[in-house]
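Colleague: Supplied in structure tokens, the structure appears directly below.
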Amino acid sequence: MSRWIVASVIVVLAVAAASFVVVSPGQGVVITRLGKPVRVLVDAGGALKWPAPIEATTDIDLRLRTTSSGLQDVGTRDGLRVLVQAYVVWRVPHDPDAVERYLRAVQNQPDVAASQLRSLMASSLEITASSFDLAQLVNTDPAKVRLADFEARLKTLVGQQARTVYGVDVEQAGIERLTLSTEALQATIERMKAERDTASAQRSAEGQREAAQVVSEAERDARIAIAGAKAEASSIEADAQVQSASVYQQAYASDPALYTLLRSFDTLDATITPSTRLVLRTDAAPFRLLVDGPVPHSAAPAKSRP
């Protein structure tokens, strides 16, 4: 009798153990009945099920995983080629529908899921790169680099397809490595050189424009100053001529011969320059002495003595 009791207890305990399911943190459990999923447990704790072989359990790892795309040759919007290696951080979410989709899609094989994600990343990298210029990915000016936008777009593309097809969530996507092919590197160098030449030409043109403006302003100021000086000189000369005319008038009134002599001197001073050649007759004064000779003086009469 005791043997039957012990056997019954053992059977009951075995059935109870086979009917109890423990869900650990970071883990999900799919309960299948005759191979068909009937329940998905994602919260840590315990649950009951029918013992095997009626119902079986499959453990699903819900922890974060990372997958790299490998180095991919993609084309940018401006027609250049770059080599990009991206990564994604993914997991099976705490969602019963997503867990069931993951189980059906990859048969609970993380390596298969990672392989499918690599294929998604390759196509998504090509699509994402075609929306950006090379200068937005590689540039000496940090303000022009848009890697954050690139990564956000990549995460959106990969995440949408990964959740819909494989039932996994992409938590993060990023650029692991970015390099240039030989052709792209040469094109980048040429483009950067052209940009620097353009900037230099713009600065040179701006400097020449400013210099021309300074010269123009200086010439304008000089013309204004010269015009003012000429006007002032003309005014002074006019005043001097008025005063001179008054002096000449007074001189003529007091001594006409002196006035005539002074005016003759003024005329000679105005017309004769150091390079003027003057031709005079030899019999004109004072050159008459050269022809006639000196005039003899008569002897003074002797005084008689007293």
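Using my numbering, the first residue of the sequence shown is number 1080, and each one after it goes up by one. Cβ coordinates follow ideal geometry from the N, Cα and C atoms, glycine included.
1) Nearest by alpha-carbon distance to residue 1104: which of 1140, 1111, 1126, 1136 is it?
2) Assign residue 1133 to one of three DSSP states: helix, strand, or coil.
3) Mind the definition here: the region 1130-1144 touches the region 1112-1122 only if three or more C-beta pairs lie below 8 angstroms; say whether that holds.
4) Roughly how many angstroms separate the alpha carbons of residue 1319 and residue 1280, rounded to a whole number?
5) Alpha carbon to alpha carbon, what distance is there between residue 1248 and residue 1179?
6) Among 1338, 1292, 1264, 1342, whose alpha-carbon lies nearest the alpha-carbon of residue 1162?
7) Output yes or no for whether 8 angstroms exceeds the beta carbon distance between residue 1199 and residue 1241.
8) Classify residue 1153: buried if its beta carbon has 16 or more other beta carbons within 10 angstroms, exposed otherwise.
9) For the candidate residues 1250, 1243, 1274, whose alpha-carbon lies nearest to that of residue 1146?
10) With H, G and I counted as helix, E and B as strand and the rest as coil, what does DSSP make of residue 1383?
11) Spell out the partners DSSP gives residue 1150 in its beta bridges.
12) My guess is that residue 1119 and residue 1189 are in contact by the Cβ rule of under 8 angstroms, so how many angstroms apart are they, rounded?
13) Here's a check: name, in chain order, each residue in its chain whose Cβ is nearer than 6 angstroms to the Cβ of residue 1256, leaving out the five neighbours to either side.
14) Between the Cα of residue 1160 and the Cα atoms of 1282, 1306, 1266, which residue gives the shortest distance?
15) Just the C-alpha distance for residue 1150 and residue 1245, rounded to the nearest angstrom, thanks.
16) Residue 1062 to residue 1144, Cα distance in whole Å?
Modeller: Taking the definition as stated:
1) For the set 1140, 1111, 1126, 1136, the Cα lying nearest the Cα of residue 1104 is the one of 1140.
2) Three-state DSSP puts residue 1133 in coil, outside helix and strand.
3) In short, these stretches touch, since the Cβ pair count reaches three.
4) Residue 1319 and residue 1280: Cα-Cα distance of roughly 57 angstroms.
5) Distance between residue 1179 and residue 1248, taken at the CA atoms: about 14 angstroms.
6) Considering only alpha carbons, the answer is 1264.
7) Yes, they are a contact pair.
8) Flag for residue 1153 reads buried.
9) Nearest of 1250, 1243, 1274 to residue 1146, Cα basis: 1250.
10) The pLDDT assigned to residue 1383 is 46, lower than 50, so where the model puts this residue is not dependable; a value taken from the coordinates is nonetheless given after this. Correct three-state label for residue 1383: coil.
11) BP columns for residue 1150 point to 1164.
12) That pair is no contact at about 17 angstroms.
13) The beta carbon of residue 1256 sits closer than 6 angstroms to the beta carbons of 1164 from its chain, once the five residues preceding and following it are set aside; these are given in chain order.
14) The shortest Cα separation from residue 1160 among 1282, 1306, 1266 belongs to 1266.
15) Rounded to whole angstroms, the gap between the alpha carbons of residue 1150 and residue 1245 is 23 angstroms.
16) Since the first residue of the chain shown is 1080 and the last is 1385, residue 1062 is not available in this structure.
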